Amino acid sequence: MPLCSKCGAQYDDSANFCPNCGTANPRTYRNQESGSQGRGAQNFFNSFFNTHDTTADYDKADIEKNQLMAILSYLGILVLIPILAAKDSKFARYHANQGLILLVAEAIWVAATRLISFIVGLLNIGLLSFLFGVVVWLLSLVPLVFVIFGIYNAAAGKARELPFIGKFRIIQ
């Protein structure tokens, strides 16, 4: 049985990913990559969502008891509910931190895009304004994807970081 290069856990030779941390098994993962051209997008999404998983650090009873609080963490201002009501839950605090980081990132995103939109509007260039609006709209879907990812992990009882922003800590 091989050992995971990331966390050191043993796993089955035929497994595509380490069951402990989610790292791809180089033996099976590389063989699958050469099989199809459509794997490029799949590989991108696998690497994008293959974030650090610390579920093993949490008590199963705490996870089961506080899954709803963890889910609320990703619903905007409702992040305050787990922050205030589940202070003793390590699992709820983890997801509250992820949700709070997401909320702060969304606020920064909105402020930045509004400022840039104002400046682009002052330039009064129709095509540039239109293209900027389309790009901003498309990029505004990213936080929605993060919310779905966070809710999915919270509902599944997992403690996985959000892509890109999940490494930051506001709540210890």
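For the sequence shown, the numbering used here begins at 840 and goes up steadily by one.
No residue lacks a Cβ here, since even glycine has one placed at the ideal position from N, Cα and C.
Treat the numbers as computed from the prediction; the structure is a model and nothing was measured.
{"Item": "Candidates Leu939, Phe971, Gly938 and Gly965, of which the one nearest Ala951 by Cα", "Value": "Phe971"}
{"Item": "Of the residues Val943, Glu945, Ile955 and Ile910, the one placed nearest Tyr933, counting alpha carbons only", "Value": "Ile910"}
{"Item": "Pick from Lys845, Ala993 and Gly861 that is closest to Ala935, judged by C-alpha positions", "Value": "Ala993"}
{"Item": "Segments of 4+ residues assigned as alpha helix (DSSP H) that fall wholly inside the region 914 to 949", "Value": "919 to 924"}
{"Item": "Per-residue burial, Asp898 [other beta carbons within 10 Å of its own, 16 or more giving buried]", "Value": "exposed"}
{"Item": "Distance between Cys857 and Cys843 (C-alpha atoms, nearest Å)", "Value": "6 Å"}
{"Item": "Cβ-based neighbour list, Lys845, same chain, cut-off 6 Å, excluding 5 preceding and 5 following", "Value": "Cys860 and Thr862"}
{"Item": "Alpha-carbon to alpha-carbon, Ala854 and Ala1015", "Value": "Nothing in the structure corresponds to residue 1015, since the chain is present only between 840 and 1011."}
{"Item": "DSSP-derived helix/strand/coil call for Ala863", "Value": "strand"}
{"Item": "Burial state of Ala925 (16 or more Cβ within 10 Å)", "Value": "buried"}
{"Item": "For Gln814, the three-state DSSP class (helix, strand or coil)", "Value": "Any property of residue 814 remains undetermined from this structure, which presents the chain solely from 840 to 1011."}
{"Item": "Close beta carbons around Ile920, own chain, < 6 Å, minus the five adjacent residues each side", "Value": "Leu911"}
{"Item": "Rounded straight-line distance, which links the Cα of Asn905 to that of Phe1003", "Value": "25 Å"}
{"Item": "Local conformation of Ala1008 per DSSP, three classes", "Value": "Residue identity check: residue 1008 is Arg in the sequence provided, not Ala. Three-state DSSP puts Arg1008 in coil, outside helix and strand."}
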